[in-house]
Each structure stands twice: as C-alpha cells, then as structure tokens.
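Numbering (the working numbering), first residue to last: 9 to 239.
Here it is, written out as structure tokens:
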C-alpha cells in the first residue's frame with residue numbers, strides 16, 4: 009500500500025486514502041480540502057437543485073464519505089450556510105461550484121483555498137473517478153501546474169504539459185515496488201526542479217490519483233498522491 013511509504017521529500021505529500029467502508033450511493037462524490045489555511049472553513053452546505061443542501065465536512069487529511077449527486081448534469085454550489093428554498097441569482101453567481109457531467113458515476117472533488125472569493129473562499133476541481141476513467145491497478149496523473157511534469161513511472165515515460173492528464177496502466181503485473189523519477193520544468197523561468205526519486209509500492213486492487221500544483225519559490229511545482237480504494 010502506498011500508505012506504507014515513508015515520504016522524506018518536501019516535494020510530495022501523502023494523503024489519506026479513499027475507502028468504501030460505507031456503501032456509496034449509485035452516483036456520488038467525495039471531497040478533500042488541500043492547502044487549507046488555519047482559518048479555513050470546516051464545513052460547507054453543498055446545494056443541488058431538487059436535493060437541497062447537504063452539510064459536508066471539508067476534510068483536510070482524507071476524503072469524506074460519499075454523498076449523493078443528482079442524475080444528469082449536476083451543479084453543486086458550495087455555500088457557507090444553508091439558504092432556504094431556491095438560491096437567488098446573486099448567490100448562484102457568487103458561490104463556488106462544480107459541474108458534474110452526466111456520464112460521471114463517481115467524482116472526486118479537490119478543494120483549494122481561494123481568498124479572492126469573498127462569498128466562500130474556496131475553489132473546486134472535479135475529477136471523474138468512474139472505473140471507465142481509471143480502473144484497479146491504474147494511476148491517473150493530472151497536471152494542474154504551469155510547469156511540464158516529466159520523468160518515468162516504472163518503465164513508462166511521463167511528459168505532461170500544463171493542464172493535461174494521463175492514465176498509467178499497471179506499472180507492474182503484481183504486488184511489489186517500482187521506481188519513480190519525476191521533475192518539473194518551468195517554461196516561464198527556464199528552470200528544472202527535481203520532484204522526486206523514489207520507490208513506490210504497488211497494490212493491484214487499488215487505483216491511484218497523482219496530481220501536481222504550482223508551488224512557492226524556489227520550487228515550481230508540488231506533487232500530491234492518494235490511493236483510491238473500491239470507489
């Protein structure tokens with residue numbers, strides 16, 4: 009399991025895994041709040057047309073339990089408090105939101121701070137976690153940063169442009185370790201930064217989400233990893 013890896017590089021943060029201890033609704037989402045400041049909100053009212061608002065904890069160390077998503081294209085508005093009845097146009101315009109396409113059965117929501125939003129200071133990245141996107145034994149790499157993420161996972165080459173993604177099929181056929189070498193290259197600064205040189209442990213029954221974000225100087229990118237169990 010990836011949770012057994014001792015992370016010694018500041019370039020990487022190992023996150024709590026997603027587990028299915030409670031049976032998830034047929035169409036659902038889970039969320040986690042990254043880079044949360046000390047005064048960050050701890051809960052949100054997640055409003056959907058027809059379902060009203062659900063109070064969801066903004067977990068900072070592991071994904072929440074699954075919560076229900078509407079059928080069809082679902083629009084989730086994140087609110088600091090419960091607003092009775094239909095949302096006003098002003099609230100709809102101000103509230104951070106996630107739009108979930110009809111084809112997504114399982115969704116992971118990555119929450120980040122957004123101090124520019126005075127209504128509710130968060131922003132949301134929605135990720136399709138359906139088995140058709142990345143299945144057991146596979147790894148979904150997403151590059152949210154402005155740098156190019158390049159290197160290798162086992163024998164698979166990685167060259168991810170900014171705002172792109174790639175699915176890595178099984179890095180090996182059975183349980184065991186494999187070597188990962190990843191760098192971040194900033195085309196703006198003409199600078200290459202080492203992200204990691206490390207052995208990872210592979211579990212064929214799990215899926216892995218790996219993503220990069222921008223980092224503060226002198227680094228150009230930061231890497232996050234989490235293991236997705238049976239979701």
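All residues carry an ideal CB built from backbone N, CA and C; glycine is no exception.
Should residue i be labelled buried (16 or more other beta-carbon atoms within 10 Å of its own) or exposed?
| i | result |
| --- | --- |
| residue 197 | exposed |
| residue 212 | exposed |
| residue 97 | exposed |
| residue 37 | buried |
| residue 195 | exposed |
| residue 226 | exposed |
| residue 202 | exposed |
| residue 33 | exposed |
| residue 8 | In the structure as shown, the chain begins at 9 and stops at 239. Residue 8 is therefore absent and cannot be evaluated. |
| residue 218 | buried |
| residue 123 | exposed |
| residue 115 | buried |
| residue 179 | buried |
Looking at residue j and residue i, is the spacing between their C-beta atoms short of 7 Å?
| i | j | result |
| --- | --- | --- |
| residue 215 | residue 113 | no |
| residue 119 | residue 108 | no |
| residue 52 | residue 64 | yes |
| residue 58 | residue 78 | yes |
Assuming residue i and residue j are in contact, meaning their beta carbons sit under 8 Å apart, how far apart are those beta carbons, in whole angstroms?
| i | j | result |
| --- | --- | --- |
| residue 95 | residue 72 | The pair is not a contact, with the Cβ atoms about 22 Å apart (cut-off 8 Å). |
| residue 158 | residue 166 | 6 Å |
Beta-carbon within less than 7 Å of residue i's beta-carbon, same chain only, minus the 5 sequence neighbours each way: which residues are those?
| i | result |
| --- | --- |
| residue 85 | 55, 95, 100, 103, 105 |
| residue 183 | 210, 211, 212 |
| residue 7 | Residue 7 is absent from the model: the chain starts at 9 and stops at 239. |
Residues in its own chain within less than 6 Å of residue i by CB, not counting five upstream and five downstream?
| i | result |
| --- | --- |
| residue 229 | 153, 155, 192, 220, 223 |
| residue 207 | 185, 187 |
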